[in-house]
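Reading through the structure tokens given below for one structure.
Numbering (my numbering), first residue to last: 2 to 115.
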């Protein structure tokens with residue numbers, strides 16, 4: 002977001018427990034985690050099933066179809082059977098591995114720890 006008067010970028014500083022809803026194209030980030038516990042995040046991205054992955058993607062990402070016909074451009078995630086079960090955790094790790102390989106390919110950024 003930018004200041005209408007100056008055009009300078011602005012910050013939306015969130016307090017613990019708060020969330021941000023913004024466009025996928027919004028430049029955003031956070032400082033390092035200085036706490037003794039892991040920081041959790043949740044990303045929900047809705048898009049049309051006709052959308053395709055970016056052209057330089059090296060892995061087909063996994064998605065959940067919430068309505069309509071599933072996309073032929075992504076692999077569907079099966080519904081979990083056992084909450085936090087071994088198979089479900091392995092599937093999550095595979096989904097994160099694919100996402101990391103697409104978004105952090107050739108980057109100096111650290112990928113999500115698996």
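A virtual CB, placed ideally from N, CA and C, is assigned to each residue, including glycine.
**Request:** Report yes if the C-beta distance between residue 63 and residue 78 is below 7 Å; otherwise report no.
**Result:** Locating residue 63 in the chain shown gives position 62, where the first residue counts as 1. Locating residue 78 in the chain shown gives position 77, where the first residue counts as 1. The beta carbons of residue 63 and residue 78 sit closer together than 7 Å.
**Prompt:** From residue 40 to residue 76, what does the alpha carbon distance come to, in whole angstroms?
**Reply:** If you number the chain shown from 1, residue 40 lands on position 39. If you number the chain shown from 1, residue 76 lands on position 75. Residue 76 has its alpha-carbon roughly 27 Å from the corresponding atom of residue 40.
**Asked** Which partner residues of residue 64 appear in the DSSP bridge assignment?
**Response** Translated into the one-based positions of the chain shown, residue 64 becomes position 63. Looking at the DSSP assignment, residue 64 forms a beta bridge with 77.
**Prompt:** Thinking C-beta only, is residue 50 closer than 7 Å to residue 69?
**Reply:** Residue mapping note: residue 69 aligns to position 68 of the chain shown, counting from 1. Residue mapping note: residue 50 aligns to position 49 of the chain shown, counting from 1. The answer is yes: Cβ separation under 7 Å.
**Message:** Pop quiz: residue 99 and residue 46 are said to be a contact at Cβ under 8 Å. What is the actual Cβ separation, rounded to whole angstroms?
**Reply:** As a first step, residue 99 must be located in the chain shown, where it is residue number 98. As a first step, residue 46 must be located in the chain shown, where it is residue number 45. By a beta-carbon distance limit of 8 Å, residue 99 does not contact residue 46. Their separation comes to about 14 Å.
**Prompt:** With distances taken between CB atoms, is the gap from residue 81 to residue 89 smaller than 7 Å?
**Reply:** Residue 81 sits at position 80 when you count from the first residue of the chain shown. Residue 89 sits at position 88 when you count from the first residue of the chain shown. Contact flag set, yes.
**Asked** I think residue 15 touches residue 21, with their Cβ atoms under 8 Å apart; what is that distance to the nearest whole Å?
**Response** On the chain shown, position 14 is the one that residue 15 refers to. On the chain shown, position 20 is the one that residue 21 refers to. About 6 Å; that satisfies the 8 Å criterion.
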